[in-house]
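Novice: Each residue of the sequence shown is one higher than the one before, starting from 1 at the first, in the working numbering. Ideal Cβ positions, reconstructed from N, Cα and C, are used throughout, including at glycine. Quick caveat, the model's predicted, so the values are computed rather than measured.
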Amino acid sequence: MNLELNNRVAMVAAASKGIGKACAVALAQEGCKVSVCARNAEELEKARAEIADHSDVIAVAADVSSVNDLENWYRQTIDRFRQVDILVTNTGGPPVKRFMELSDEQWLAGVESTLMNVVRLSRLVIPGMQERRWGRIIHLTSLVAKQPMDELTISSTLRAGLSGLTKTMANQVGPHNITVNAILTGHIMTDRQQALADVRVKERGITHEEYFVGQAAEIPLRRIGEPRELGEVVAFLASERASYVTGVSLQVDGGLVRSTL
Ligand code: NAD
Numbered sequence: 001m002n003l004e005l006n007n008r009v010a011m012v013a014a015a016s017k018g019i020g021k022a023c024a025v026a027l028a029q030e031g032c033k034v035s036v037c038a039r040n041a042e043e044l045e046k047a048r049a050e051i052a053d054h055s056d057v058i059a060v061a062a063d064v065s066s067v068n069d070l071e072n073w074y075r076q077t078i079d080r081f082r083q084v085d086i087l088v089t090n091t092g093g094p095p096v097k098r099f100m101e102l103s104d105e106q107w108l109a110g111v112e113s114t115l116m117n118v119v120r121l122s123r124l125v126i127p128g129m130q131e132r133r134w135g136r137i138i139h140l141t142s143l144v145a146k147q148p149m150d151e152l153t154i155s156s157t158l159r160a161g162l163s164g165l166t167k168t169m170a171n172q173v174g175p176h177n178i179t180v181n182a183i184l185t186g187h188i189m190t191d192r193q194q195a196l197a198d199v200r201v202k203e204r205g206i207t208h209e210e211y212f213v214g215q216a217a218e219i220p221l222r223r224i225g226e227p228r229e230l231g232e233v234v235a236f237l238a239s240e241r242a243s244y245v246t247g248v249s250l251q252v253d254g255g256l257v258r259s260t261l
């Protein structure tokens, strides 16, 4: 299948490692020019070098919670590649805490890093996409949008909201031939997944091995996913082949979410 992504320009947020990097690599492998950001310049440079094996890439140090950083990243992308065709929003995970453990500051920081970066980045790229009458916006969120988890209180709250935002954005930019979709990520083996495991093994008094065997047993496909398996779905949604798919919150979770809708 030809995805027709050659020379499309993609911005991928929070992409120095994990799922974000896998999306950037998958898009680069399909011929996209890629612009990535993350906070840590050293980690980001390693990712840039890896992505550069496949395509043209720039990396800009940016905290997705910062308005100025997002504007600077967008400006540098336009300076280098002239336009943005594909936006993949992503961020680090909000704190792993139950409701009564969370302060106002943590809630507000969660809103900045999980919700407002999506709003701000989308606002930056949509006008150019509207002019060219082509665009793909993909929000990386989480299965907790559909199946909330007690210790992921902020994430569960905001990611359900992001599915609402995905649908309302899709309705409003559809007439300009821009699609907007969300990926509800399941358990994918990344540093974030390891950090969640660290919290849970302590709580439950079990080993990491016992924890991951238990996790896999709950997943119909009986295994934790690889970042590449998410990146490839994002490349498909970004492609010409997904031209009639919009407003969808798509689970990529090995079947973990049990509901039908
Ligand atoms: P990860 O820790 O492996 O990678 C996170 C990336 O985000 C890194 O590149 C990091 O530098 C960057 N980052 C973090 N905070 C940032 C900020 N404020 N500004 C810019 N960059 C920032 O994590 P991951 O597993 O790839 O997770 C990515 C997202 O997917 C998270 O929001 C996480 O909650 C969500 N998610 C992950 C899983 C999973 O199983 N891995 C499941 C569901 C949802």
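What do you get for A28, buried or exposed, if any count of 16 or more other CB atoms within 10 angstroms of its CB means buried?
Specialist: Buried is the call here.
Novice: May I ask you to report which of helix, strand or coil DSSP gives G247?
Specialist: Three-state result, G247: coil.
Novice: Go ahead and pull the three-state DSSP assignment for K46.
Specialist: Helix.
Novice: According to DSSP, what are the bridge partners of I219?
Specialist: I219 pairs with nothing; no bridge assigned.
Novice: Between L124 and Q76, what straight-line distance do the alpha-carbon atoms span, to the nearest angstrom?
Specialist: Roughly 13 Å between the two C-alpha positions.
Novice: Between which two residues does the alpha helix (DSSP H) holding T265 run?
Specialist: Residue 265 lies beyond the stretch modelled for the chain, which goes from 1 to 261, so this question has no answer here.
Novice: Using only the alpha-carbon positions, how far apart do V245 and N177 sit?
Specialist: Using only the alpha carbons, I get a separation of about 11 Å.
Novice: Which residue's Cα is closest to the Cα of T141: Q106, E42, V118, R133?
Specialist: Nearest C-alpha to T141: V118.
Novice: In its own chain, which residues sit with a C-beta less than 6 Å from the C-beta of A10, not counting the 5 before and 5 after it?
Specialist: The residues are L27, C32, V34, I86.
Novice: Considering only their Cβ atoms, is the gap separating P227 from A38 smaller than 8 Å?
Specialist: Contact flag unset, no.
Novice: Pick out whichever of V257, V111, D63, E30 has its Cα sitting closest to the Cα of H54.
Specialist: Of the candidates V257, V111, D63, E30, the one whose C-alpha sits nearest the C-alpha of H54 is E30.
Novice: Nearest to L237 by CA position, among Y211, R223, N181, P220, is which residue?
Specialist: Checked all of Y211, R223, N181, P220; the closest Cα to L237 is N181.
Novice: Under the criterion of a Cβ to heavy atom distance below 7 Å, does G205 qualify as lining ligand 1?
Specialist: Every heavy atom of ligand 1 is 7 Å or more from the Cβ of G205, so no.
Novice: Could you check if P175 is buried or exposed, using at least 16 other CB atoms within 10 Å of its CB as the buried criterion?
Specialist: When all chains shown are included, P175 counts as exposed.
Novice: Does the Cβ-Cβ distance between I183 and V144 come in under 8 Å?
Specialist: Result no, Cβ atoms of I183 and V144 do not sit closer than 8 Å.
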